Each structure stands twice: as structure tokens, then as C-alpha cells.
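Under the UniProt record's numbering, the residue at position 96 of the first sequence is numbered 96, and the numbers go up by one with no gaps.
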Amino acid sequence: MGRPPCCDKANVKKGPWTAEEDAKLLAYTSTHGTGNWTSVPQRAGRLKRCGKSCRLRYTNYLRPNLKHENFTQEEEELIVTLHAMLGSRWSLIANQLPGRTDNDVKNYWNTKLSKKLRQRGIDPITHRPIADLMQSIGTLAIRPPPAAGAAPPPCLPVFHGAPYFAALQHQQQQVVTHVDADAPASPDSQHLQLNWSDFLADDAAGHGADAPAPQAALAQYQEGSAPAATTVVGGGRAFGDVDGASGVGAGTYDGAGAASAFIDAILDCDKEMAVDQLIAEMLADPAYYGGGGGSSSSELGWGC
DNA sequence: AAATCGGGCAACCGCGCGCAG
DNA sequence: CCTGCGCGCGGTTGCCCGATT
């Protein structure tokens, strides 16, 4: 029943690839192309690697036309913008960056960009100003705010002058609107109101009682150690952790339902249309992204 | 000069989906 | 129709190397 196993898992090598292994894999793929990774290890000179490992090595390192130099300012800005719109859908983001792999983008985000955003007072998960976020948490939490004499939250950069959040909300809304408008009509489409605010409101109403106290959340932020799935109450997972199942704390976050419902709705539409094309259109359209003239990111508080 | 720490990155792990058998 | 693998993806881990003490 079913297919034979892809490889003898007890007899495969793990760890870093050697130059010899790279050469074998590269020689094979250059003459035979990719596809049927299961048979690649045997055909490519008896590589003692799992086909899955071969595919990973090829796509992330050996594939032609890969860029190995540092990310440019333009690429950084594009990643931030796309992450705000798509969340951690690294493969989709990487598709918009020629020569970059999803692993590249993911690593760069985790090691550089998320820290950069946090330093600038922007929550890397929601792309909202952290100060604004703290206010939302205080509103959503069932416990009362700190007493008058209590220590105030730390002073964080405020982006009152920069329409960062407003622009972001606009972008998110445009993604939703585009997807909704372009997708074929379905029986569900009439009650499918893809507005994040609605999900947030629903989330707050339905799950606010389960929310941690704002002080605790703030402490987690200050430590920078908050698990993604439990970091932010309500809108905290606006565009992160898509399916909830992959989150480390999926079981601890009751509000995941609203976020997942929102994301799932987008994912359903993704299947029915060319998302790459949509993203390209949006990025090229000044109405969404400032026309790529380089000023948009500054306006969003990124390049300042 | 040696030990420790922290950042960056390559690779692995585990999951969901689609499909072959 | 059912089982289980291939593939693609996102999350996580562990190693390497430079910076700091």
C-alpha cells in the first residue's frame, strides 16, 4: 500500500554539506534538472542524503541565480512592506525578491529586520507602534489599568506624525478588497467580510477575558522574549502565525480563532487567484505603496 | 591569550496538503 | 476509499565565527 519510503532514514548523512556533495548534486541537477527528489541522492552519485535534504540544499544554496550578497535597502523595505501585508508567508515574500530564498528572507527578518523595527518602536508582528499596541492591550484586558500612582509604561517613540498605521491599515484593507473582488463569487462570499478590525473586535469580545494583563505583556515586550502566539492580545497576531497549528503556543492563545479565521479567508482566496500578480500590481501602484519612489518607507516611519 | 557571549546562517524538524498506489 | 509518501512551507535548532571581557 502506498509508495515505497523515500530513503533509508537510518543510513542518511546529516549536517553540513561538503564540497564534494555539492558538486555531485550540482552536476546532476545541471544535466537532469530538478524533480523527483527521492531518486536524486542515488542518481547523483550515491549521495547519502535524504531527497528532502537535497532539495533544501539545492533551493537554498546551489540553485542558479541566487544572490549571496547582503540585502539592499530596497529589498529591506520591500520585505517589511510585504510582511505587513502577508505576515510570515516567507515563500510568497521571497517570490517578490529575485535571487532570494524563503530561508534567506526568514533568517534576515529574524536576525535583523524584526530587531530594527522594535528599536524604532514598531511591533514586528503587527507593524503597529508599540505604544499604540500597549494602549490597545490596556483597553482589551479585563483587569483594570494600573493605579494612578503606578509606574507608567516606558517612553516609546510615537509615530503621530507618520501615518504608519493608517497606511498599513489601508494596505491590508486593499489586499483584502482586491482578493475579495477578484475571487469568483462563492456562496460564502456574501457574509465574508474580510476586515481585520471586525476580527479584532470579535476577538476582543470573545476572548478578552483570557488575555494576560497588559503589564505582563509589556514585560514580555521589554524582554523581547514573548512567544509569538501569546505576545499580543487581540490584534497581536494580525498577520503572523498563519495557521495557528504551527505556533509554539497554539493551545495557549484562545484568540487565535479570530486571527486564523481572517487569515484562512485570505488563504481561501489565494487559491483562486494569482497572488503573485496581485502583489506585483499593488507594489507598482502608488495608491498602495507610494509608487516605489523610495519615499514611501520614510513616510511609513521606516527610513527615518 | 583564553574564555565567554552573542549574532548570523545553514540545516533539520514537523506539519498540512495533494496524490499515487 | 484508504493509506502513506512527496513536496512545500514555516518554525526551530545547532554550529561557526567574530566581538567582548
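Yeah, the Cβ is synthetic: ideal placement off N, Cα and C, and Gly gets one too.
In this text the structure is predicted, and so the values were computed from the model without any measurement.
query, result
"Residue 305 - DSSP class collapsed to helix/strand/coil", "Past the boundaries of the shown model lies residue 305; the chain is included only from 1 to 304, so the question cannot be answered."
"Between the CA atoms of Val80 and Ala284 - distance to the nearest angstrom", "16 Å"
"Uninterrupted alpha helix (DSSP H) stretches inside the UniProt domain \"HTH myb-type\" (63–117) (no shorter than 4 residues)", "73–86, 90–95, 102–108"
"Separation of Trp109 from Asp102, as counted between CA atoms", "10 Å"
"Three-pair Cβ contact test at 8 Å for the region 107–124 versus the region 67–84", "yes"
"DSSP bridge partner residues for Ile122 (one or two, in chain order)", "Pro129"
"Cα-Cα separation between Phe71 and Trp90, rounded to whole angstroms", "15 Å"
"Secondary structure of Val39, DSSP reduced to three states", "In the sequence as displayed, the identity of residue 39 is Ser instead of Val. Ser39 falls in the coil class under three-state DSSP."
"Buried or exposed by the 16-neighbour rule on C-beta atoms within 10 Å, applied to Ala44", "buried"
"Three-state class that DSSP yields for Ala23 in the structure shown", "helix"
"Cβ-Cβ separation, His127 to Ala84 (assumed contact under 8 Å), whole Å", "4 Å"
"DSSP-derived helix/strand/coil call for Cys50", "coil"
"Rounded separation between Leu47 and Thr29 - CA only", "13 Å"
"Residue environment, Pro124, which counts as buried when at least 16 other CB atoms sit within 10 Å", "buried"
"Coil, strand or helix - Gly33 by DSSP", "coil"
"Classification of Lys24 by the beta-carbon crowding that lies within 10 angstroms, buried from 16 upward", "buried"
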